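Numbering (my numbering), first residue to last: 4 to 388. No residue lacks a Cβ here, since even glycine has one placed at the ideal position from N, Cα and C. Values in this document were obtained by computation on a predicted structure and should not be read as measured data.
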């Protein structure tokens with residue numbers, strides 16, 4: 004295929020011996036590109052990249068994980084997870100983990116509490132959607148596979164994305180020849196899941212950035228008040244001029260925050276749409292344009308009416324209450340009492356801004372629900388690759 008390859012990052016997680024390396028080799032048709040062992044911790048500490056390689060129109064950048072074991076290494080892993088995902092979220096969408104696969108050895112009968120509480124749940128809280136792969140199903144007894152699958156669904160919910168695979172073709176001691184399977188199904192699932200994962204990650208990061216921005220704007224407004232009133236007496240007259248300056252400052256600080264949030268989320272959304280279309284084409288050989296204008300609810304996530312079309316008007320509604328309540332002009336008050344009035348008004352502005360931004364982020368999820376429905380309809384009619 005001509006043209007530049009589209010980079011996609013794939014993080015493969017799982018306990019030592021779960022078949023992570025074998026799955027990567029099988030998934031992309033490699034021959035020992037990633038070395039595997041027999042239950043030994045063959046990967047070094049951390050999440051580390053494997054040499055990228057071309058696959059159809061994609062440049063696959065796999066990341067392998069240090070064995071996720073309970074015990075002395077647990078604290079290190081928890082710290083690593085937090086630090087790595089925080090760093091990952093600060094980068095461009097092209098550098099995020101686009102697909103996350105968690106490998107479970109099908110010969111096991113249960114999901115460890117450690118895996119659920121220290122690995123899977125934290126990843127979910129960080130805005131990640133995993134695909135769970137039962138590995139070594141070519142060797143494990145059917146009843147073992149069914150028991151593990153039932154356990155995973157009971158623990159993680161019926162909506163969990165779960166697939167059985169066999170990654171290695173070999174002759175067992177019994178003389179039986181195992182066969183590989185599950186590759187095409189997993190690639191298609193990864194193609195469909197990718198935008199789900201990225202939208203969840205976008206929502207999580209946008210909420211975090213909104214909270215950090217609100218806190219900074221809040222502090223800046225209070226600092227401005229303290230600087231403006233520092234020379235005034237403890238008990239003094241607060242006129243309309245000071246009130247106007249305070250309102251203008253609040254509009255400026257929160258307006259700058261809103262504009263930055265909007266610019267960041269829409270820019271990331273454009274990146275997500277472009278990557279999702281190309282990765283889906285590479286994995287599933289299906290063309291699907293995530294252009295917001297062609298997908299029902301996605302027009303909402305593109306426009307975000309309050310935030311893009313009439314943002315300045317909307318911003319004024321956030322601070323309009325300042326002109327009719329709270330901060331009164333022409334009043335005598337103690338400086339700290341007037342500061343408390345300002346605090347009350349800022350709390351209201353913060354609350355309304357946070358609520359509006361959450362509604363905007365929810366529209367991203369509504370748009371993705373619609374996109375997923377349309378995509379599933381398309382895949383049902385598309386031939387398998």
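With a cutoff of 8 Å on beta-carbon distance, residue 206 and residue 368 are scored as near each other. Under a 10 Å Cβ-count criterion, residue 54 is classified as exposed, with fewer than 16 other Cβ atoms of the shown protein chains found around its own Cβ.
Contact between residue 61 and residue 8 holds, with the beta-carbon distance rounding to 6 Å and staying under 8 Å.
In the displayed model, residue 169 falls within a strand according to three-state DSSP. With fewer than 16 other CB atoms across the displayed protein chains lying within 10 angstroms of its CB, residue 146 is exposed. Of the residues assessed, residue 347 falls on the exposed side of the cut-off, its CB having fewer than 16 other CB atoms within 10 angstroms.
The alpha-carbon separation between residue 139 and residue 22 amounts to approximately 7 Å. In this structure residue 210 touches residue 364 by the C-beta definition: roughly 7 Å separates them, less than 8 Å. Between residue 134 and residue 196, the gap from beta carbon to beta carbon is short of 8 Å.
Between the stretch 347 to 356 and the stretch 187 to 202 there are fewer than three C-beta pairs closer than 8 Å, too few to call the two in contact.
A Cβ-Cβ distance of about 11 Å is found for the pair residue 10 and residue 99, leaving them out of contact under the 8 Å criterion. Annotated as proximal: residue 231 and residue 245, with beta-carbon spacing under 8 Å.
It is roughly 18 Å from the alpha-carbon of residue 94 to the alpha-carbon of residue 132. Membership of residue 126 in the alpha helix (DSSP H) is indicated by the continuous run 124 to 128.
Just so you know, the alpha carbons of residue 281 and residue 120 end up roughly 34 Å apart. DSSP assignment within the stretch 237 to 280 yields the following whole beta strand (DSSP E) runs of 3 residues or more, N-terminal first: 238 to 241. For residue 114, there is no enclosing alpha helix (DSSP H), as DSSP marks it with neither H nor E. Around residue 174, the same chain offers 180 as residues with beta carbons nearer than 7 Å, after the five sequence neighbours per side are excluded. For residue 120, there is no enclosing beta strand (DSSP E), since its DSSP letter is neither H nor E.
The alpha-carbon of residue 65 is positioned some 11 Å away from that of residue 57. A direct Cα-Cα distance of roughly 22 Å separates residue 225 from residue 360.
A direct Cα-Cα distance of roughly 20 Å separates residue 149 from residue 20. If you draw a straight line from the Cα of residue 171 to the Cα of residue 25, it is about 7 Å long.
Here residue 95 carries a coil assignment [DSSP, helix/strand/coil].
Straight-line spacing of the CA atoms in residue 159 and residue 219 works out to 37 Å. In this structure, residue 113 keeps its C-beta atom at 8 Å or more from the C-beta atom of residue 285. When beta bridges are read from the DSSP output, residue 15 appears opposite 67, 104. By the criterion of a C-beta distance shorter than 6 Å, residue 184 is surrounded in its chain by 169, once the five residues flanking it on both sides are discounted. In this chain, residue 58 is not harboured by any alpha helix (DSSP H); it is covered by the beta strand (DSSP E) spanning 56 to 58. When DSSP reads this structure, residue 184 sits in a beta bridge with 169. Taking a contact as a CB-CB distance under 8 Å, the pair residue 105 and residue 63 does not count as one, their CB atoms being some 18 Å apart.
Spatial neighbours of residue 216 in its own chain (CB-CB distance under 8 Å, excluding positions within 5 residues in sequence) are listed in chain order as 260, 263, 264.
The Cβ neighbour count for residue 153, taken over all protein chains shown within 10 Å, is under 16; the residue is labelled exposed. Per DSSP, residue 134 is one residue of the beta strand (DSSP E) stretching across 133 to 138. Residue 343 carries a helical assignment under DSSP once its states are collapsed to helix, strand and coil.
Look at residue 175 here: in three-state DSSP terms it is coil, with no helix or strand label.
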